[in-house]
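Protein chains in written order, with full-length UniProt numbering: chain H, 1 to 364; chain L, 1 to 326; chain G, 1 to 394.
Ideal Cβ positions, reconstructed from N, Cα and C, are used throughout, including at glycine.
Computed from a prediction, not measured in an experiment: that's the story for all the values here.
Remarks on the structure that follows.
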Amino acid sequence: MTLTTPETGARRAPADDPVLEIRNLSVDYGYDDDPVHVLRDVSLTLGRGEVLGLAGESGCGKSTLAYAATRLLPPPGLITGGEVLFTGRDGRKTDILRLDDQSLRESRWQDLAIVFQGAMNSLSPVYRIGRQIADGILAHRPGMSKADAMARAAEMLELVGISPDRLRSYPHQLSGGMRQRVMIAMALALEPQVLIMDEPTTALDVVMQRQIVEQIAELRDRLGFSVIFITHDVSLLIEIADRIAIMYAGEIVEDAASLDVYQRPRHPYSSALLHSFPPLRGPRRELTGIPGSPPDLAKLGGGCHFRDRCAFAWDACAALAPRLTAPDVADDDPRRTTACLRHEPERVAAAGFEAKPVPAELAG
Amino acid sequence: MRFFLRRGLFYVITFWAAVTINFFIPRIMPGDPVRALIARNQGRIPSEAEASLRILFGLDQDTTLWQQYLDYWALLFRGDLGISFTYFPTPVSDVIAQALPWTIGLVGIATILSFTIGTLLGTGIGWRRGTWADSLLPISTFFSAVPYFWLALIAITIFSVTLGWFPASGSYDRSLIPMWSWEFVGSVIYYGTLPALTIVISSISGWILGMRNMMVTVSSEDYVTVAQAKGLSERAVMFGYAARNAILPQVSSFALSLGFIVGGTLVMEIVFSYQGIGYLLFTAVAAKDYPLMQGIFLVITVAVLIANIVADIAYGILDPRTRQEG
Amino acid sequence: MTIDTSIVEESEELAKPSQAPMTGVVAARGRGGFGRRRAGGKPPKFLFMRNSKAVAGLVILAFFLLIAIIGPWIAPYDPSARSSDVLQPPSWQHLFGTTHLGQDVFSQIVVGTRGVIIVGFVAGILATAIGVIIGVTAGYIGGLGDETLSVLANVFLVIPQLPLIIIIAGQLPSVGGVTVAVVIAITGWAWGARVLRAQTLSLRKRDFVEAARANGESTWRIITVEILPNLTAIIASGFVGTVAFAVLSLITLSFIGIGNTGEWNWGTVLYQAQAQLALQRGAWWWFVPAGLCIALLGMALTLINFGIDEFVNPRLRSTGVNAKSLRKRGIRPRIGFTPVVRETDAPRTAIAPHLAEHTEPTDAARPADAARPADAAASAEAEASSPTSKGARA
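Written as structure tokens, this is what we have:
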């Protein structure tokens, strides 16, 4: 693999060509005897060339998922189980959670790069940005000369629309939008196959958000990497993502193609989330917001964690925890999943509760 | 540039303030001890020196305060700090000039050593928090709580009196003639080791704690996580990203606490009877040699100011944000 | 005119820890040790009292305060009385041995505690008062007045204090304890003022202060009701640091023979020991106890300040679990390499029910967003400027 001949053309790969598979990932927060279980058995698959959106309210664990999958979660975060399988271009699978330090370092940035939430703080204030892009390149290309690495850094800056003479600028001399572009340039410098973006546009104004999102989409088409795009802004995801996973209270509650999520949400939470953002295009609709607030994990009981805020909850929801299954709606995409008891009538009935049908709002 | 201009102006003001404090202290103190000393040494003091003393201590009631102040500055610019009574009739400036190199050598080297080693240790402890290294913290808390001179007493008891490894006092073997010979330099190093070690041990904990706390703070900054995400080596992340940013406040606090450290180390000289400025100050206090005391205060202040300027320049080099135009 | 860039930054950083309600929440949510469970409605000071470092410090300080009060009554001998037991090592008659004149060192130290404590607290109170007045004024009025006061504070910071104290105290005809305290306060207020100024500056821009000003509240009321309560932790920590500094200064002054050598304090004991060549005579008992008392008092003050710092800045807290138990579980807390511990087979499974697929999680404790990497520790970055760094060094 050489740096100068990027793979061109987008490949919207089928889901059976996964590049990153997160399986049953569990994360605790706190090293004491009473940790918070922030993620419980989360599974998620990212196809090659795909843009996967990860959405949910603040604190639902979406950022934690990204940090844990890359093992960048700071103390006292603790991964307590699961695997994160990365499939290289040669088809070899490695479990990132089982790599030793050295192999993990080698794999980072090269296989999987991440753009963090606050571009303000993602760059060290004391080094020029050229150096900060170049040191990542040099760490993985031991034979490369400094001049070549700088040339590559300049090339990357141009790619994101920044003049290469900015290489000699310090972060404080750049605007917020520029810094975020620098971060994207930095992340793409080694042509990673997976790019994780954790709320990359949250701190920016709307115009800048737009530009960045379009730029990512365009770069993805040119370079063919896969993206996990994390945001609380679902309407933004519908623009950019191929597939969207919705998280709630540390679990994935719905995982489907982005148009399906937008037009035919199957989980009450997805539906509510969609109705709390204005749509970017199409007919106007009423904004409703979600009643109540995300659950206090201290009071999390059994059953469905969304039931207190759910319009469709009934007594079964307090007793049974829903599992991710195909929706109980005819003619749905068989690959989409959702975690709601309304879609699990047999299990509800087997547990001795009255099975209730999928409400019309969630079956349209 | 603006940063350095402002700092330069600040040092000018500080210098002016120190001189002015020095001018006013003898004038607002009750009593006239210097007049009594002059009277006692009547006839032995050269008239020129007596005139200097009158200006320094405000004994001329007939001139205005403003005139006294101008005369005072004029004296200082001539380097005239009066004459010492302890080393009568040597001028204060000569007495200080003899002691100053010893202090700069001992305190300067020991302080730089302590800062460097302490910062390195703090970097390591802060980076590996939650490991055995944290157990060093209580020890350094202890060392930061005891006065420097008491540690010196203990060091002498153990290493000089009990073990006999190092001499308990002095700065070189008195049987040698001060000159640039291996023997003499060796003797200076031998005599200076215990005081220097004591200064290092007693002042190092402040640097360890300061750097450790800064490392802990900086470690949770995003750019450190980004550096790890880039797959840089542990060394590159720890020194290049974490420590490189954590050192900035460490340097500013170095500048600010210099005055305090110098004060503490001066007392150390007293315990070791080391012939530097601190020992001189002690002699001056004991003998109520006011001109010498005043002169020493000025010289120490200027020395600390110069060290501060150096620290500022270092900070300016380390932090690009200070070089920003506008 | 001040160290401008750094001060501005500091004010930004300092802005965060001060919001009292938030601090309480962060502390309550904290990473382990400090009484998370009952934290709910309790005011923050009780949380502070649950910090083991602060409690240890307060207990030691209380002990010395007690000795300072009752010292003269419990001392077994008159500290100045001579006896024929000359230079005796410690024994049951003389717990800390005797001096070259047969004086009881233990009594000297017990009686001398009062002088140390009085000077420390008087100087601490005075210097804190000066620091609060100058710091808050400078931070609140801004503009030229701020520049002037900041330069004043910085000048006093840069000028070496001990030599200044020595030349002032050395020229006074008679130097009692309170005089020394006043001199120390005059030279030692600047640190607190500097930190308070930075903090006030950032508070002034905060919404609730702006709102109070828009409401037309008087300046005096804004300062006393809106600003000062938010400065409590910094003022307290500045006070503790100054007491430590004052104690050290007093002892140093006494040790080099400035001040009334007839007034017993730990420094005068050391002065006598040094002057009478206790070192060369091998009379370790003469100077070791006094030094240990200074160290103990100093450590107590430092511990209190650690407590305040950790209370204000949760990031400094240890992870709440000792290193040994972490090692046992194979956890090495590191930035950038989240530990992976598969404890499904270990006995801990019992308290990790989420791993078993059908069990419902029941014991999760804190709000989910505590786990977000960005905000769990988002509160404070202030310790470069935190008052304790001085206390620690003092």
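Item, Value
"Rounded Cβ spacing between Phe-96/G and Trp-285/G (contact assumed at less than 8 Å)", "5 Å"
"Distance between Val-42/H and Asp-333/H (C-alpha atoms, nearest Å)", "21 Å"
"Sub-8 Å separation of Ala-185/H and Ile-133/H beta-carbons", "yes"
"Boundaries of the beta strand (DSSP E) in which Asn-24/H is found, first to last residue", "18-29"
"Residue-chain proximity (Gln-228/L, chain G), Cβ-Cβ < 8 Å", "yes"
"Segment contact, 8 Å Cβ cut-off, at least three pairs: the stretch 192-201 of chain G with the stretch 310-320 of chain L", "no"
"Positions along the stretch 278-300 of chain G whose CB lies within less than 7 Å of some CB in chain L", "Leu-279, Gln-280, Gly-282, Trp-284, Phe-287, Gly-291, Ile-294, Ala-295, Gly-298 and Met-299"
"As assigned by DSSP and simplified to three states, the class of Thr-116/L", "helix"
"Interface residues of the stretch 229-261 of chain G facing chain L [CB-CB below 7 Å]", "Leu-248, Ile-251, Thr-252, Phe-255, Ile-256, Gly-257 and Ile-258"
"Per-residue DSSP class, three states only, for Leu-78/H", "strand"
"Contact set between Ala-236/L and chain H, taken where Cβ atoms lie within less than 9 Å", "Asp-135 and Ala-139"
"Close Cβ partners of Ser-219/L (< 6 Å) along its chain, the five nearest in sequence each way excluded", "Ala-242"
"Residues in the stretch 98-128 of chain G having any Cβ partner in chain H nearer than 8 Å", "none"
"Check whether Ile-55/L and Leu-75/L have beta carbons under 8 Å apart", "yes"
"Environment of Val-51/H [buried if 16+ CB atoms lie within 10 Å]", "buried"
"Proximity test, Cβ basis, 8 Å: Thr-219/G and chain L", "no"
"Limits of the alpha helix (DSSP H) - the one that Ala-81/G falls within", "Per DSSP, Ala-81/G belongs to no alpha helix (DSSP H) and is neither H nor E."
"Ala-169/G: first and last residue of the uninterrupted alpha helix (DSSP H) it sits in", "161-171"
"Beta carbon proximity, Thr-137/G to chain L, threshold 8 Å", "no"
"Contact the stretch 215-232 of chain G vs the stretch 161-179 of chain G: 3+ CB pairs below 8 Å", "no"
"Segment contact flag, the stretch 163-181 of chain H with the stretch 87-95 of chain H, C-beta cutoff 8 Å, min 3 pairs", "no"
"The stretch 192-201 of chain L / the stretch 210-218 of chain L touching (three or more Cβ pairs under 8 Å)", "no"
"Residue span of the beta strand (DSSP E) that contains Thr-94/H, given as start and end", "93-95"
"Listed by chain order, chain G residues near Val-262/L by CB distance under 9 Å", "Pro-160, Leu-162 and Pro-163"
"Ile-228/H - containing alpha helix (DSSP H), residue span", "Element bounds for Ile-228/H: not the alpha helix (DSSP H) but the beta strand (DSSP E), 226-231."
"Where Phe-245/G sits in the DSSP three-state scheme", "helix"
"The ligand ZN heavy atom lying under 7 Å from the CB of Trp-66/L", "What this structure holds is no ligand at all, so the ligand ZN is not there to describe."
"Beta-carbon spacing of Leu-256/L, Leu-162/G below 8 Å", "no"
"The stretch 159-173 of chain L in contact with the stretch 117-131 of chain L per 3-pair CB rule at 8 Å", "no"
"Helix, strand or coil at Pro-322/H according to DSSP, with G and I counted as helix", "coil"
"Helix, strand or coil at Val-188/L according to DSSP, with G and I counted as helix", "helix"
"Trp-73/L: contacting residues in chain G (beta-carbon distance under 9 Å)", "What Trp-73/L touches in chain G: nothing, since even the nearest Cβ is about 18 Å away."
"Anticipated Cβ contact below 8 Å, Val-183/G with Leu-126/G, distance rounded", "The pair is not a contact, with the Cβ atoms about 10 Å apart (cut-off 8 Å)."
"Beta-carbon neighbours of Pro-90/G, restricted to chain H and to distances below 7 Å", "Correct list: empty, because the minimum Cβ distance to chain H is about 44 Å."
"Arg-48/H vs Ser-226/H beta-carbon contact at 8 Å", "yes"
"Limits of the unbroken alpha helix (DSSP H) element including Tyr-223/L", "222-229"
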